[in-house]
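Q:
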Amino acid sequence: MTDIAVQSARLLSVLREKRPLVHNIANYVSMDVAANALLAIGASPAMVHAREEVAEFVSFSNALVINIGTLSAPWVEGMRIAAKAAREKSIPWVLDPVGAGATGFRNETVAALLPERPTVIRGNASEILAVAGTAGARPKGVDSANTTEEAEAAARALAERQGCVVVASGAIDLITDGRRAVKLGNGHELMTKVTALGCALSAVVGAFAAVERDAFTAAAAAAAVYGVAGSLAAKKAEGPASFRTAFIDLLDRISPAEVERQLVVIP
Amino acid sequence: MTDIAVQSARLLSVLREKRPLVHNIANYVSMDVAANALLAIGASPAMVHAREEVAEFVSFSNALVINIGTLSAPWVEGMRIAAKAAREKSIPWVLDPVGAGATGFRNETVAALLPERPTVIRGNASEILAVAGTAGARPKGVDSANTTEEAEAAARALAERQGCVVVASGAIDLITDGRRAVKLGNGHELMTKVTALGCALSAVVGAFAAVERDAFTAAAAAAAVYGVAGSLAAKKAEGPASFRTAFIDLLDRISPAEVERQLVVIP
Amino acid sequence: MTDIAVQSARLLSVLREKRPLVHNIANYVSMDVAANALLAIGASPAMVHAREEVAEFVSFSNALVINIGTLSAPWVEGMRIAAKAAREKSIPWVLDPVGAGATGFRNETVAALLPERPTVIRGNASEILAVAGTAGARPKGVDSANTTEEAEAAARALAERQGCVVVASGAIDLITDGRRAVKLGNGHELMTKVTALGCALSAVVGAFAAVERDAFTAAAAAAAVYGVAGSLAAKKAEGPASFRTAFIDLLDRISPAEVERQLVVIP
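Protein chains in written order, with my numbering: chain A, 27 to 293; chain B, 27 to 293; chain C, 27 to 293.
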């Protein structure tokens, strides 16, 4: 699996060179940190949600990221139009099912978006279990009360059923397309103490999917770079806020060689 | 009043252990910093506002915080449904009447929410004067042009009339339930130079109210921990942004013993 | 043109003394950083967008800033009401046409707002070209793919036609009222790596326009202070996030004398 490390390093270089336009329908909480993470990693972010313009905006974007964190009916309408446009134009799109399993409205929204065939679904373990329809999801609001290990079988089944890549992120990140699977072991517990870092990872997955056709490799590379930056940032942090600053700085400065050297792939 | 210091330290430990789920209907400006303050202090934040799901989300939350900072009609509807659900299920809820007194729309919204009997009302001095209906409120947009001292009588009267706890925060924080009152003297002027730190305090009050039935003690503990962290953060800051970073780091790292040692209770 | 440096220093002092109330209809991404930039520079920010209250709020504000970054129909309605109120009451207002040229919805919104006669239009080069209706705008989502030099003629023509001041910001900032023009050369490339720093500049232009009747001088002063703070902050940064922290700290701490000393006016 050194292949993942090599590919991740390579794709980071490609991303920085191509600077893809990533269209986000983000939640309000995550907009600042997700936009800053995308800029730091080398992408060009835009946040556009209105039904009047989402299809037009998708049409010239390199990827779309839909995050259901702070839902309302008009936004769901925008999400559906954007996802449909992405599917029709074969633009890769990422679904972040924040709080799936917590309310009926969230479950209905996810159910309405899945037929538009997301390229990648990125969530925490509880969200992946909920989207997969597996008993045992224990969402605590929008935080996870499940481990990645508990969600592994569900993630594989969901990926296979949907024909997509599933990323269950947590202390261990699992990336699977149903057939292939890889587990990454970088990152740091402080990442759970900063709001919306999961959402920002979904945005970064979109940026990598914009420059690499194989969504499994793209999603693994995104999680790899993100996790390595997280591990390194923790060494400079005195708490969650200084961690966030160091983390965004590192997304900008981390070298492909460093990613390749530091990546922990779990056998 | 050393009792307040002892209780504040104790409740900080309880909060970190219980990690309550705090449901926020926050304003757009405050979402990032309020969520990060809640995570740092040890709570699990969620931001959910749509009428389709607020009542369901409140039902499994440990506290609700409603902030009227960036109002619009659909959000007011969500606020009313959520507040009603919280009252009916006896879930503690905090009202932050941002900009009360500044426009008719804000005053009407506050008037519509008060009958749902907030557990705590947290505002700056001008907002508390406006909610209390006292002449003399001089809001400057959403900032206060009144001192806590000017709002003291109004705060007590409002608390008594509403049967709730009122927190008027500023250079001095006043916490009262009409019968009891305490004034705290920590914090730092830099707190007025960072947007939404008042809003984030309301969210933190919600977190403490989730773990302590006596809302007066809970609100005083929240203001105590917040103020002590603010005083300590100011020593590390070179301006408002580095203050914010140090402050959030400290909400995560401050020890109960430090809170007890540093708290300034004004006789 | 040392005059610009002297005037900028003077207006910074005036702004800090008067602490104007700046009413923002901001985009979601920029709210946190724009509010913090306004507080740091010495203004009192408020974010208010609902049709029920924007006209009332404008009436006691010292300036209005409208940013179309995260558009939707209800917000456009609020923008139109607010802009009309500002024009009728002769309150200076700033238009930030984020992503102009990228979608029809954005172009229509700009067209609907221009008749309310903004005092200042602040955008990146691609946006200014698009608003001016000049062929050759190459927006990349909400980022610019044009240089300030490419937008210079269009900026002058737009300013003349609209009877307003136009600021095209980028590596070089151009400020023109059609007749007068000045180019400023401070700032740093890291400013393009932090989301919404252009939006926050528009807000700061509003703060200066609130305290200086000559909008050309006000806009130049805003860009001058902003650019000098950016240059200085870059020396303290290890990446985009630590840059943002240092930058906001500097907006708070920079002295008028430093602005006067450091300002680079391009002949």
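Glycine is no exception: its CB is placed at the ideal position from the N, C-alpha and C atoms.
This one's a predicted model, so the numbers in the text were calculated from it and none came from an experiment.
#1: Please report the straight-line C-alpha distance between C190 of chain A and P71 of chain B, rounded to a whole angstrom.
#2: Starting from the beta carbon of P266 of chain A, find every residue of chain B whose beta carbon is closer than 9 angstroms, and list them in chain order.
#3: Just to confirm, are T105 of chain B and I51 of chain B a CB contact at a threshold of 7 angstroms?
#4: Short of 7 angstroms in beta carbon distance, which residues of its chain neighbour S228 of chain C, apart from the five on each side in sequence? Order them along the chain.
#5: Helix, strand or coil: which one does DSSP assign to I292 of chain A?
#6: According to the Cβ coordinates, are L47 of chain B and K166 of chain A closer than 7 angstroms?
#7: For G265 of chain C, tell me which candidate among A:M57, A:V32, A:L41, A:I67 has the shortest Cα-Cα distance.
#8: With L90 of chain C as the anchor, note down where its beta strand (DSSP E) starts and where it stops.
#9: What's the gap between the Cα of G162 of chain A and the Cα of A156 of chain A?
#10: Does the distance from the C-beta atom of A222 of chain B to that of S56 of chain B stay below 7 angstroms?
#11: Any beta carbon from chain B within less than 7 angstroms of D58 of chain C's own beta carbon?
#12: Taking Cβ positions only, does V19 of chain C come closer than 7 angstroms to chain A?
#13: Using DSSP with H/G/I as helix, E/B as strand and the rest coil, what is I51 of chain A?
#14: Put A283 of chain A into one of helix, strand or coil per three-state DSSP.
#15: In chain order, what residues of the same chain have a beta carbon less than 6 angstroms from the beta carbon of P282 of chain C, not counting five sequence neighbours either side?
#16: Taking 7 angstroms as the threshold (C-beta atoms), are R113 of chain B and E142 of chain B in contact?
#17: Which residues does DSSP list as the beta-bridge partners of N150 of chain A?
#18: Between the alpha carbons of A181 of chain C and A158 of chain C, how many angstroms are there, rounded?
#19: Determine which residues share a DSSP beta bridge with L219 of chain A and list them.
#20: DSSP on A61 of chain B, reduced to helix/strand/coil?
#21: Kindly list the residues whose CB is nearer than 7 angstroms to the CB of M27 of chain B, restricted to its own chain and excluding five residues on each side of it in sequence; keep chain order.
#22: Quick one: is P293 of chain C buried, meaning 16 or more other Cβ sit within 10 Å of its Cβ, or exposed?
#23: Under a CB-based cut-off of 7 angstroms, is V124 of chain B close to chain C?
#24: Helix, strand or coil: how does DSSP classify D203 of chain A here?
#25: Measuring alpha carbon to alpha carbon, tell me which residue in A:F273, A:G253, A:V192 is nearest R287 of chain A.
#26: Which word fits A89 of chain B, buried or exposed, when buried means at least 16 other C-beta atoms lie within 10 angstroms of its C-beta?
#27: Please classify L87 of chain B as buried or exposed, where buried requires at least 16 neighbouring CB atoms within 10 angstroms.
#28: Taking only beta carbons into account, state which residues of the region 91-102 of chain B come closer than 8 angstroms to chain C, listed in chain order.
#29: Considering only the alpha carbon of each residue, which of A:A247, A:R279, A:N212 lies closest to A260 of chain A?
#30: In three-state DSSP terms, what is S170 of chain A?
#31: Is the CB-CB distance between V230 of chain A and A248 of chain A below 7 angstroms?
#32: Kindly list, in the order they appear in chain C, the residues whose Cβ is closer than 7 angstroms to that of F269 of chain A.
#33: Taking Cβ positions, are A109 of chain C and L139 of chain C nearer each other than 7 angstroms?
#34: For A235 of chain C, count neighbouring Cβ atoms within 10 angstroms of its own Cβ and tell me buried if that reaches 16, exposed if not.
#35: On the DSSP bridge list, what partners appear for P71 of chain A?
#36: On the CB-based measure, 16 or more other CB atoms within 10 Å of its CB, does E78 of chain B come out buried or exposed?
A: With the given structure in hand:
#1: Numbered from 1 along the first sequence, position 164 holds the residue referred to as residue 190 of chain A. Numbered from 1 along the second sequence, position 45 holds the residue referred to as residue 71 of chain B. Rounded to whole angstroms, C190 of chain A to P71 of chain B spans 30 angstroms at the Cα level.
#2: As a first step, residue 266 of chain A is located in the first sequence; it is residue number 240 there, counting from the start. Here the neighbours are N62, L65, A66, I274, D275, L277, D278.
#3: Along the second sequence, read from residue 1 onward, the residue named residue 105 of chain B stands at position 79. Along the second sequence, read from residue 1 onward, the residue named residue 51 of chain B stands at position 25. In the sequence as presented, Thr is not what sits at residue 105 of chain B; that position holds Met. Yes.
#4: Taking the third sequence and counting its residues from 1, the one referred to as residue 228 of chain C is at position 202. Answer for S228 of chain C: V91, N93, V120, D122, R148, listed in chain order.
#5: Working through the first sequence from its first residue, we reach residue 292 of chain A at position 266. Strand.
#6: In the second sequence, counting from the first residue as 1, residue 47 of chain B sits at position 21. In the first sequence, counting from the first residue as 1, residue 166 of chain A sits at position 140. Yes, Cβ-Cβ distance for L47 of chain B and K166 of chain A is below 7 angstroms.
#7: On the third sequence, position 239 is the one that residue 265 of chain C refers to. Checking every option, the nearest Cα to that of G265 of chain C belongs to A:I67.
#8: On the third sequence, position 64 is the one that residue 90 of chain C refers to. Start and end: 89-93.
#9: As a working note, residue 162 of chain A is residue 136 in the first sequence. As a working note, residue 156 of chain A is residue 130 in the first sequence. Looking at the two C-alpha atoms, the distance is approximately 8 angstroms.
#10: The sequence position of residue 222 of chain B within the second sequence is 196, counting from 1. The sequence position of residue 56 of chain B within the second sequence is 30, counting from 1. For A222 of chain B and S56 of chain B, yes; Cβs fall inside 7 angstroms.
#11: As a first step, residue 58 of chain C must be located in the third sequence, where it is residue number 32. It does; some Cβ of chain B falls within 7 angstroms.
#12: Summary: the structure shown does not reach residue 19 of chain C, with chain C confined to residues 27 through 293, and so no result is reported for it.
#13: Taking the first residue of the first sequence as 1, we reach residue 51 of chain A at position 25. Here I51 of chain A sits in strand by DSSP.
#14: As a position in the first sequence, residue 283 of chain A is number 257, starting the count at 1. If DSSP states are grouped into helix, strand and coil, A283 of chain A belongs with the helices.
#15: In the third sequence, residue 282 of chain C corresponds to position 256, counting from 1. Taken in chain order, the residues that qualify are A35, L38, S39.
#16: As a working mapping, residue 142 of chain B is identified with position 116 in the second sequence. As a working mapping, residue 113 of chain B is identified with position 87 in the second sequence. Yes, the Cβ-Cβ distance between E142 of chain B and R113 of chain B is below 7 angstroms.
#17: In the first sequence, counting from the first residue as 1, residue 150 of chain A sits at position 124. According to DSSP, which records beta bridges pairwise, N150 of chain A is partnered with A:S195.
#18: The residue labelled residue 181 of chain C in the question sits at position 155 within the third sequence. The residue labelled residue 158 of chain C in the question sits at position 132 within the third sequence. One C-alpha to the other measures close to 7 angstroms.
#19: If you number the first sequence from 1, residue 219 of chain A lands on position 193. First, the residue type needs correcting, since residue 219 of chain A is Lys and not Leu in the sequence shown. Answer is none; K219 of chain A lacks a bridge partner.
#20: Sequence index remark: in the second sequence, residue 61 of chain B carries index 35 (1-based). It is helical.
#21: Here residue 27 of chain B refers to the residue found at position 1 when the second sequence is read from its first residue. Annotation note: pLDDT 49 at M27 of chain B (below 50); position unreliable, no value reported.
#22: Counting from one through the third sequence, the residue named residue 293 of chain C turns up at place 267. It counts as exposed.
#23: As a working note, residue 124 of chain B is residue 98 in the second sequence. Not one chain C Cβ lies under 7 angstroms of V124 of chain B.
#24: Taking the first residue of the first sequence as position 1, residue 203 of chain A is located at position 177. Three-state result, D203 of chain A: coil.
#25: What you label residue 287 of chain A is simply residue 261 of the first sequence in a count that begins at 1. Among A:F273, A:G253, A:V192, the Cα nearest to that of R287 of chain A belongs to A:G253.
#26: Position 63 of the second sequence, counted from the start, is the residue given in the question as residue 89 of chain B. With 16 or more other Cβ atoms within 10 Å, it is buried.
#27: Translated into the one-based positions of the second sequence, residue 87 of chain B becomes position 61. It should be noted that the sequence gives Ser, not Leu, for residue 87 of chain B. By the 10 Å Cβ count, S87 of chain B comes out buried.
#28: G95, T96, L97, S98, A99
#29: Position 234 of the first sequence, counting from 1, holds the residue named residue 260 of chain A. Nearest C-alpha to A260 of chain A: A:N212.
#30: Within the first sequence, the letter at position 144 stands for residue 170 of chain A. Three-state result, S170 of chain A: coil.
#31: By one-based count along the first sequence, residue 230 of chain A stands at place 204. By one-based count along the first sequence, residue 248 of chain A stands at place 222. A contact, by the Cβ cut-off of 7 angstroms.
#32: Mapped onto the first sequence, residue 269 of chain A falls at position 243. Ordered by position in chain C, no residue passes the 7 angstroms Cβ test against F269 of chain A, which lies about 10 angstroms from the chain.
#33: Sequence index remark: in the third sequence, residue 109 of chain C carries index 83 (1-based). Sequence index remark: in the third sequence, residue 139 of chain C carries index 113 (1-based). Yes, the pair counts as a contact, with Cβ atoms nearer than the cut-off.
#34: Translated into positions along the third sequence, residue 235 of chain C becomes position 209. The residue is buried, with at least 16 neighbouring Cβ atoms inside 10 Å.
#35: On the first sequence, residue 71 of chain A is found 45 positions in, with the first residue counted as 1. Paired residues: A:V48.
#36: Taking the first residue of the second sequence as position 1, residue 78 of chain B is located at position 52. Buried.
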